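Each step along the sequence shown adds one to the number in my numbering, with nothing skipped, and position 193 is 1028.
Where is the CB? At the ideal position from N, CA and C, for every residue including glycine.
Remember, predicted model here, so these are calculated numbers, not experimental data.
A short write-up of the structure that comes next.
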Amino acid sequence: MKYAEVDASTPVITGIVSRVEDRFCTLRWRWPEGVQAVYIHKTAAETPEDGDLPSSGMKLYTREEYKAANGFRDRLDEIGMVAYTIYARLSGDGETLLVRQPDGSNRVLVSAGKARIYYSIQHKKGLFSKLKTVQMTITAEVPVPKDVLCYVKKRDSHPSSKEDGTRYPFVQDFAPGRNQLPPIEVGKDDFIRIFLTDGRKYGLYYELVPE
């Protein structure tokens, strides 16, 4: 396969609309006259387009399949923003040609939702000790890299943000399910809270929920 040269007479995909419900995305679009099949490419929204045909993630979808299903339905196993690009499929000189639309009108972004990260923090202190033990537990729906989270320690009150106290990184990634971290000792008047290291970046993919 290769890209077709686009001019004013080239059939193009228009009018893409998307709907997400119960972890399934449904796409609908206007089919150009004469086009009987498309290729649909799915990728993470931040993946750059380098001008070459995608090497993976391409699905052939016919007009008959579209009519039978009243659109294209796809399960969303990802988190964050997902991009779908729909290429009109043409045939010429015995080879398959895909119509690349430079204006991006054959591309749509869909939110696949956020994965929840549950956390709990338990403090235990002895009666006469100047220190207390802190036990942190992270329960994740998906694998979470260690750089996504940090914890902050503050004296006399709970931290209100990742800048409100002394910030510490985690040293290992979090597996799906329950992750009980080794206990740490802090001062008896210290408090700890867990935050996303970059709310703007990671907030698109994860929701941090206290237990």
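Can you give the Cα-Cα distance for residue i and residue j, rounded to whole angstroms?
| i | j | result |
| --- | --- | --- |
| Asp991 | Thr861 | 51 Å |
| Pro937 | Met916 | 21 Å |
| Gln871 | Leu1016 | 55 Å |
| Tyr1040 | Arg924 | 33 Å |
| Leu944 | Lys1036 | 17 Å |
| Asp1033 | Ile914 | 16 Å |
| Asp777 | Ile956 | Nothing about residue 777 can be reported from this structure: the residues present for the chain run from 836 to 1046 only. |
| Asp842 | Arg935 | 11 Å |
| Lys894 | Glu1042 | 31 Å |
| Ala904 | Ser995 | 49 Å |
| Leu888 | Ile952 | 36 Å |
| Ser940 | Trp866 | 13 Å |
| Glu840 | Asn1014 | 53 Å |
| Ala879 | Ala947 | 10 Å |
| Arg854 | Ile875 | 16 Å |
| Glu976 | Gly1038 | 15 Å |
| Glu899 | Arg863 | 13 Å |
How would you label residue i, buried or exposed, when you count the other beta carbons within 10 angstroms and need 16 or more for buried?
| i | result |
| --- | --- |
| Pro978 | exposed |
| Tyr1003 | exposed |
| Thr897 | exposed |
| Val873 | buried |
| Thr920 | buried |
| Phe907 | buried |
Identify whether residue i lies in helix, strand or coil by the three-state DSSP scheme.
| i | result |
| --- | --- |
| Tyr1040 | coil |
| Lys877 | strand |
| Lys959 | strand |
| Gly948 | coil |
| Arg1035 | helix |
| Ala843 | coil |
| Ile848 | coil |
| Trp864 | strand |
| Pro1045 | strand |
| Lys837 | strand |
| Val855 | strand |
| Val870 | coil |
Look at the Cβ atom of residue i, then the Cβ atom of residue j, and state whether they are nearer than 9 Å.
| i | j | result |
| --- | --- | --- |
| Thr901 | Pro1045 | For clarity, residue 901 is Tyr in the given sequence; the question names Thr instead. No, Cβ-Cβ distance for Tyr901 and Pro1045 is not below 9 Å. |
| Lys988 | Thr972 | no |
| Asp1008 | Lys981 | yes |
| Val969 | Val1006 | no |
| Leu911 | Phe859 | yes |
| Leu984 | Phe1030 | yes |
| Thr974 | Gly927 | no |
| Lys877 | Asp857 | no |
| Glu930 | Lys997 | no |
| Arg1028 | Tyr986 | yes |
Please list the segments of the beta strand (DSSP E) lying wholly inside the region 967–1031, counting only runs of 3 or more residues, in order along the chain.
984–990, 1001–1004, 1012–1015, 1019–1022, 1025–1031
As an exercise, report each continuous beta strand (DSSP E) stretch of at least 3 residues that is fully enclosed by the region 888–935, in chain order.
893–897, 907–910, 916–927, 930–934
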